[in-house]
Amino acid sequence: MAYKTFAAIDVGSYELAMKIYEISSKNGIKEIDHIRYRIELGTDSYFTGKISNDRVDELCRMLSEFTGIMKSYKVDDYKAYGTSAIRETENSLILLEQIKTKTGIKIDVLSNSEQRFLDYKSVASRGREFQNIIEKSTAFIDIGGGSIQISLFDEDSLVTSQNIRPGVLRMREELTRMSYRSYQLEDMVEEMVSDSLESFKEMFVGDKKIQNIILLDDYVSLVLNGSYLGTDKKGQVEASAFVEFVDSLKKKKSREMALSLGIAQENITLLYLSALMIKYMIKILGTDMLWAPGVCLCDGMAYEYAEKNKLLALDSDGVSHNFEQDILDCARDINRRYHSIEHRTREREMTALTIFDYMKKTYNMSKRDRLLLQLAAILSECGRYISLANVGVSSYNIIMMTEIIGLSHVEREIVASIVKYSTENFDYYETLGRETILDRESYLKIAKLTAIIRLSEGLDLSHKGKCNKLKISEEEDKMILTVETNADMTLELGLFDKHSTFFEEVFNIKPVIRQKRVIFKGEY
Amino acid sequence: MEVKKTDYSKPEYYCNRELSWIAFNNRILGEARDKSLPLFERIKFLSITASNLDEFFMVRVASLKDMVNAGYDKKDIAGMTPTEQLEEVNKATHELVNMQYSTYNRSLLPLLAQNGLMVVEHHEELTKEECDFVDRYFQDNVYPVLTPMAVDSSRPFPLIRNKSLNLGALVSRKEEKGRRHLFNRKPVQGKELEFATVQVPSVIPRIVQLPIAENGTKRVILLEQIIERNMDKLFLNYNIECAFSFRIMRNADFAVEEEAEDLLKEIEKQLKKRQWGQAIRLEVEEGIDNRLLDIIRKELMIDERDIYTIPGPLDLTFFMKMYGFSGFEHLKNKPYTPQIVPELEDGDDIFEKIREKDILLHHPYQTFAPVVDFIKQAARDPQVLAIKQTLYRVSGNSPIISALAQAAENGKQVSVLVELKARFDEENNIVWAKKLEKAGCHVIYGLVGLKTHCKITLVVRREEEGIRRYVHLGTGNYNDATAKLYTDLGILTCNEAIGEDATAVFNMLSGYSEPLGWNHLALAPLWLKDKFLYLIDREKQNAIKKRPARIVAKMNSLCDPDIIKALYKAAAAGVKIQLIVRGICCLRTGIEGINDNIEVRSIVGNFLEHARIFYFENAGNPELYMSSADWMPRNLERRVEILFPVLNPKLKDEVWHVLEVQLADTKKAQFLKSDGSYAKMIVKEEELRSAQEEFCDEYTAMAAGGKKAVQQARTFKPEYNQSL
């Protein structure tokens, strides 16, 4: 049986973890080993902005040991991701270089949205169980050390995904700086999260009841997946029973909690704080059921690796979930929030993708590029909410300030730039200079996709839905765009050159617009 | 109705653990006094009582003394302060020693003589030829290694090493005309006595065989007698006024600074210190000159009550060497050869066999070779990626160590946790740890604050279907030498869930966090005690609900107060509890209304009972576990121990059979009585059953005829009415 051995390393806020997996089409993703080491990197970086030298040494020592373990399993590949603790370190680049030199392990830093997307993927990889739950209104709550991500699902589609602070480790650190009595703790936790949560509820939930919570965390999930609550289905508990359980913890000392729950005493504070936050969320959202699938970031990494390398059988559970659709749903949600009119962007989406599909092979553009283009098309009008005159710049700013689950920071910058340059003058790489975080490759991607989106814009300037169908062909170094429509295309035909110049500059092919009138049956 | 609550913590419900230990040593002494046993087996048991007592003093009595010196007066579970315990221990030990020497003098010595082995107790009893022989022996072999030391104002009292046998003498200078004192140059008047001592060298055999007498009797003499006879040759300018042997025991319970940068060096340093610990026991030869005794006592600062006057040779452990004498096989038990394991024949691919089914190993009835082979095969198997093992006590020249080193040299990842703090094996373990490191193994020197006592080996193999983990879990050490004497059980399995747990165990031992959850294993000091308390309580709840409830537990020692309390509660609720506790048992029996349902037996036999097996009836769905842990606070709270379930139904039957046979033992089993003493069951000669003998027979038959035959012999054959 052919299989790959893969190691996933998560450099988290309070724990360094490595999971070793065997991935095969026959057995799917099988966890072989799970090594965890407690190291509170977040305690340093959240409050001092840097990770202390001692902690860096400790981290390097453990990562070197991980290298040894990987060797012993003869792993075929590995991926190491750092999350908020590394992300929030001022000198993260230097730090990562140091780690690479000392241990040979290359750590990529995940943006919050990428991290949450992987977390989310790890749960979605549970397949049917996940699908069944998100058919009802569901909040996916991912409690991290630094922040909490709440994603809302309704009828199988992602409504929104928001990041709120503080996460559990940050909260614990903040609490240590205050003096309070033990009976005040629950109120304090409520107060610390209520502002963000209540705004979230007001903006995205309203009076609606969120029936389910899918929980992803490191502590409460342990309890829900253990035998303590005596639930019928592993990991699932009725919200009322959970609230009762949290209330029962109030009377217990931490050692007693540790013994009865089977959790190391050092983790009890974080468990209790997480439990209190969840209790509050249940109250705010009116939740009936809580499900903790008990997966972690490493599982998401393994899933991503398997997916990328096509290691899983097509019918394997989890593959059925359309993650791209979630990202698109998220973008549409941003549009809704900024009152962007859907029909204005729907046509642009269609024409841009048609052009892309025609060109992708020749210009070696990927499936992911297609998604970025589609996102840009969807979001191209969102800035109108701020300024009708400066749509491009306003849209750019909105996109850059909004989490789009599943996109890396660079990808978000690409999408925002495409939107911006669809109406603004294009800044050439040379003039961007040091201002940009984008590399050459990303820049070229922006140029290509901007050219496409500008061209698609040129096909329906008045946004009246003139272009029902677009056909593309080539004639002697020209790209013929045949728009099937009976609408008056005078404006588009007249101004087409303005929108096609950049396209010609980028692809070195001249686009030509032609109209084909549609003759319906019975029409003479 | 008001429910009467019983206070199960009352001191009268518990035995003091030190006195219980002495009772255990008395049971071993009972074997030495058992006339039905072959003579050489009896001397072996006597020797065991002596070495046990040494260890008991160095660790337990030393610790009590430390408590008394520190003014610690907290009472133990039996309600005794350290001072009270020390007094009682002293009294009981004196009685034990008296009994040891009474057995030696009145029974064993005459019997040995009758059987052609004469121990010449005093050199004065040697014949002329023998005198010539020993004097020559002294000159050639002994004299060169002796370091005689005299004490005077210019030479301080020398270091008397822990456990060493010494000869102390009072010497006076031979008369010299005009002799003057060394310092003040005044003439020395009369006979001035000085103290002199010489250590009986441990590098020379203690028993020296004399030339065979004409009647064929083998005569032996102890080395200290030869030295005593030749004392004058050691102190040439002195007259030997008197010479007597003496021996001291020192506090060996040292505390290791575990945060030390290099634990290896720290332990080496502490080991040297062991020689300097406070003297806590002085044994002197009966009839010792009071002046000599006074000097020794004062110099060693030892209490009168800690002095043991011995009516015979000091340190009876020499009997273990005598046991090895050839020519007396008729006076020993027929030697038992550990039998092959039918599932694992020579040359078998052990991994293939384990894949077929879990394999149970029962030592010493079955050979330890499969465990060694498991590691040897793993070492040379190209598919093996890693070998991980815990080592607590290993034998000298251990084949396991060699195999691990070989594996590392073959490029496998070998991680070994060598417990440097395994008491009295520290030196040995340091040697192995260094050897393994040199071979390229990743060696962990134990965990800070904990002793790693669990016995687990994990072999990770990359196979066609993916990674497969093979695990050996045992109740006894990875020691091929003791595996011939200690009864232990082990399991070889590739059960996936156990493999996952085993990986997690080694991750934890390497300093990583504990896993998010365990499949089957329970680990001390984290979860094990709670798991046991839970299992006992579950039986209690079942008894209350009138469901089948029973506990059968076999272990070496039982002294954890929480466990005992839980057992009392369970028994009071109606759980039938049968305990097979070889050594210390702080639980009492026969307390009316409290523990009528508890029965405790101890089996002391030819092999040292060492397995830990736990059976819980679980309302008709019995669960069987095995462990490296006893029910002692040190095992449950201060050591890394593993409790593992026996999952395979067939193996469950086999392990249950082990308990069943032990429960049926009427020959060696002694029952704990309400007064804390033990007594054997009175049964007719023909009804006597010895578990150890039965196992020897069973496994011999099994090896000869295959397992099937034995199993068939164990089943009942129903008879039916043929006319129907």
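For the record, the sequence lines run as chains G and X. FYI, in my numbering the residues of the first sequence are 3 to 526. FYI, in my numbering the residues of the second sequence are 17 to 740. Where a beta carbon is used, it is the ideal one built from N, C-alpha and C, also for glycine.
Exposure of residue i, with buried meaning 16 or more beta-carbon neighbours within 10 Å
i, result
"residue 98(X)", "buried"
"residue 183(G)", "exposed"
"residue 35(G)", "buried"
"residue 697(X)", "exposed"
"residue 378(X)", "buried"
"residue 174(G)", "buried"
"residue 467(G)", "exposed"
"residue 199(X)", "Note that residue 199(X) scores 49 on pLDDT, short of 50, meaning its location in the model is unreliable and no value can be drawn from it."
"residue 492(G)", "exposed"
"residue 320(G)", "Residue placement at residue 320(G) is poorly supported in this model, since its pLDDT is 45, which falls under 50; the coordinates are not used for a value here."
"residue 209(G)", "exposed"
"residue 370(G)", "exposed"
"residue 179(X)", "buried"
"residue 492(X)", "buried"
Residue i vs residue j beta-carbon contact at 9 angstroms
i, j, result
"residue 333(X)", "residue 78(X)", "no"
"residue 582(X)", "residue 613(X)", "no"
"residue 65(G)", "residue 11(G)", "yes"
"residue 632(X)", "residue 552(X)", "yes"
"residue 341(X)", "residue 500(X)", "no"
"residue 400(G)", "residue 336(G)", "yes"
"residue 627(X)", "residue 544(X)", "no"
"residue 354(G)", "residue 455(G)", "yes"
"residue 246(X)", "residue 158(X)", "yes"
"residue 86(G)", "residue 133(G)", "no"
"residue 470(X)", "residue 423(X)", "no"
"residue 394(X)", "residue 486(X)", "yes"
"residue 262(X)", "residue 182(X)", "yes"
"residue 101(G)", "residue 43(G)", "no"
Strand pairing of residue i, partner residues [DSSP]
i, result
"residue 503(X)", "625(X)"
"residue 38(G)", "19(G)"
"residue 151(G)", "144(G), 165(G)"
"residue 293(G)", "216(G), 238(G)"
"residue 686(X)", "618(X), 696(X)"
"residue 657(X)", "540(X)"
"residue 160(G)", "155(G)"
"residue 241(X)", "None; residue 241(X) has no bridge partner."
Among the options, nearest to residue i - alpha-carbon criterion
i, options, result
"residue 693(X)", "633(X), 618(X), 661(X)", "618(X)"
"residue 130(X)", "458(X), 232(X), 339(X)", "232(X)"
"residue 172(X)", "223(X), 494(X), 683(X), 312(X)", "312(X)"
"residue 272(G)", "13(G), 40(G), 514(G)", "40(G)"
"residue 604(X)", "590(X), 574(X), 624(X), 622(X)", "574(X)"
"residue 480(G)", "469(G), 345(G), 505(G), 491(G)", "505(G)"
"residue 190(X)", "397(X), 375(X), 160(X), 248(X)", "248(X)"
"residue 416(G)", "393(G), 376(G), 389(G)", "376(G)"
"residue 700(X)", "713(X), 688(X), 495(X), 682(X)", "682(X)"
"residue 11(X)", "87(X), 672(X), 120(X)", "The shown model of chain X, from 17 to 740, leaves out residue 11(X), and the question about it has no answer."
"residue 452(X)", "470(X), 472(X), 429(X)", "429(X)"
"residue 685(X)", "93(X), 658(X), 187(X), 40(X)", "40(X)"
"residue 1(G)", "14(G), 477(G), 513(G), 170(G)", "Given that chain G is displayed from residue 3 to residue 526, the structure contains no residue 1(G) and the question cannot be resolved."
Expected contact under 8 angstroms - CB spacing of residue i and residue j to nearest Å
i, j, result
"residue 777(X)", "residue 570(X)", "Lying outside 17 to 740, the shown extent of chain X, residue 777(X) is not represented and no answer is given."
"residue 38(X)", "residue 61(X)", "At roughly 16 angstroms, the Cβ-Cβ gap does not stay under 8 angstroms, so residue 38(X) and residue 61(X) are not in contact."
"residue 215(G)", "residue 283(G)", "7 angstroms"
"residue 806(X)", "residue 498(X)", "Chain X is shown only over 17 to 740; residue 806(X) falls outside these bounds and no answer can be derived."
Residue i beta carbon near the ligand FMN (any heavy atom closer than 8 angstroms)
i, result
"residue 670(X)", "You won't find the ligand FMN in this model; it holds no ligand whatsoever."
Where residue i meets chain C, residues with beta-carbon distance less than 9 angstroms
i, result
"residue 387(G)", "Any reference to chain C falls outside this structure, whose protein chains are G and X."
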